[in-house]
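Trainee:
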Amino acid sequence: MRLNEDHRAFRDSVRRFVDTEVNPHVDAWEAAGRVPLHDLLPKAAALGLLGLEYDETYGGEGADASFQLVAAEEYGRMHATGVGMAIGVQAMMATPSLHAYGSPELKQRYLTPAVAGTAVTAIAVTEPDTGSDVAQLRTRAVRDGDDWVITGRKSYITNGAQADWICLLARTSDEGGYRGMSQIVVPTDRPGFSVARTFDKLGNRCSDTAELVLDEVRVPVANTIGEVGRGFQQQMQQFVTERMFAAYTTVGGCQYALDRTRRFVLDRQVFGRPLADRQYVAFRLTELQAEVDLLRSHNLVTCEALMAGEDITRMATVAKLKAGRLVREVADLCLQFHGGMGYLEDNWTARLFRDTRLTSIGAGADEVMLQVLARLDGLSA
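Take 1 as the starting number for the sequence shown in UniProt numbering and just add one per residue.
#1: Is it true that the CB of Val327 sits closer than 7 Å to the CB of Thr359?
#2: Just verifying my parser: in three-state terms, what is the DSSP assignment at Arg268?
#3: Apart from the five residues on each side of it in sequence, which residues of its chain come closer than 8 Å, Cβ to Cβ, to His7?
#4: Is the distance from the Cβ of Cys254 to the Cβ of Val213 below 7 Å?
#5: May I have the straight-line CA-CA distance separating Gln371 from His38, to the nearest angstrom?
#6: What runs of the alpha helix (DSSP H), each 4 residues or longer, lie entirely inside the segment 49-113?
#7: Taking only the alpha-carbon atoms, compute the straight-line gap between Ala222 and Leu137 and give it to the nearest angstrom.
#8: Could you give the DSSP three-state label for Pro36: helix, strand or coil?
#9: State the start and end residues of the unbroken beta strand (DSSP E) segment that holds Arg2.
#10: In chain order, what residues of the same chain lie with their CB nearer than 7 Å to the CB of Ala323, ignoring the 5 residues before and after it?
#11: Run through DSSP, which three-state label would Leu214 get?
#12: Can you tell which of Leu376, Ile225, Leu169 has the C-alpha that lies nearest to the C-alpha of Leu106?
#13: Do you know offhand how far Gln183's Cα is from Arg260's?
#14: Among the candidates Asp174, Asp129, Tyr101, Ala44, whose CA atom is the shortest distance from the CA of Val115?
#15: Between Arg357 and Leu111, how many whole angstroms is the CB-CB distance? I'm expecting something under 8 Å.
#16: What are the boundary residues of the alpha helix (DSSP H) that includes Ala170?
Okay, structure coming up:
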């Protein structure tokens, strides 16, 4: 797949947004422990960033997935990855199922304001005792007439402290394992809903991450996304877009980091000559640039397959696995080549080193990606 002039013009507009609306404020947001999403998201929505692939009926742009790739790559240039994560949750994690499977009434009520940025959203799957093993989730929704009564806890929820509604995965029947789950839109202003706490994290500090409590929260059964009992299957499709978002942003972030480090080693004088003159330095940067180029090519091929309607589960899993490992290697090398100053908290390499560690954990840990690939390759049950 080749990007055209429309993509390049769009990339320029997203880059201006990053340079003017995000990067000047990142240090303050990191110190505060949150991005003011009700202020930032409407600005992102003005560029169409929150509904690029969604129907114009609900405020979307009606574009294809290649524009999502371009936008996410530019998020990688943000000086704190937590900002891009917050936008990504809104655009590619909490809303795809609603757009794909929700009723017209449900989409008009909840998707439209999310695309406009006037409502903040979150995806609520993980629980305190249930991470990658989604089959073990315990949050339950019991039907009472025309309502669901929901009880449970959700943990590590990005945007959770600011969300106006969440896309909740809950168990709606006594069937075990992956059966009997449903996705439900839950407004956060309902009685019984509360934010128990926010977490102090190693990195992505400006991205609020919360533990949510649902204590007999009552919502209409009409808030169910798609068919009752099909929530797990729908969530697996939503995970595919989440994993590709991680791979797209990794390419942008790695490229930005390598570009900045390349400029540094060309200017930095060590023993009377540029640091870049050292063969090891030049070769390692070149080697990692080749790895970024390969991941970028894989992402483009995967995006093209997605637009052709193909099942990209394996390709997305490979992309996510490679992204998590590559960005850690890039962050470590960039910090190392900056020497002592790279270890200082006020240097960009320190934040990059902290922030990017999450890529191998979120949206399915590396070990889960390997398990998925082994199963797809017939090596495990």
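Glycine included, C-beta positions come from ideal geometry on N, C-alpha and C.
Just so we're clear, the structure is a prediction, and the values are computed from it rather than from any experiment.
Mentor: Quick answer:
#1: Result yes, Cβ atoms of Thr359 and Val327 sit closer than 7 Å.
#2: If DSSP states are grouped into helix, strand and coil, Arg268 belongs with coil.
#3: Within the same chain, and ignoring the five residues on either side of His7 in sequence, the residues whose Cβ sits closer than 8 Å to its Cβ are Ser66, Phe67, Val70.
#4: No, the Cβ-Cβ distance between Cys254 and Val213 is not below 7 Å.
#5: Whole-angstrom Cα-Cα distance: 38 Å.
#6: With a minimum length of 4 residues, the continuous alpha helix (DSSP H) runs that stay inside the segment 49-113 are 65-75, 81-88, 96-101.
#7: If you take the alpha carbons of Ala222 and Leu137, they lie about 22 Å apart.
#8: The three-state secondary structure of Pro36, taken from DSSP, is coil.
#9: Element bounds for Arg2: n/a, residue is neither H nor E.
#10: Only Ala246, Ala247, Thr250, Leu295, Thr359 meet the Cβ criterion.
#11: The three-state secondary structure of Leu214, taken from DSSP, is strand.
#12: Cα-wise, what sits closest to Leu106 is Ile225.
#13: Here the alpha carbons of Arg260 and Gln183 stand approximately 42 Å from one another.
#14: Nearest in C-alpha terms to Val115, of all of Asp174, Asp129, Tyr101, Ala44, is Ala44.
#15: With 8 Å as the limit, Arg357 and Leu111 do not qualify as a contact, their Cβ atoms being about 32 Å apart.
#16: Where Ala170 is concerned, there is no enclosing alpha helix (DSSP H), although the beta strand (DSSP E) it sits in stretches over 165-171.
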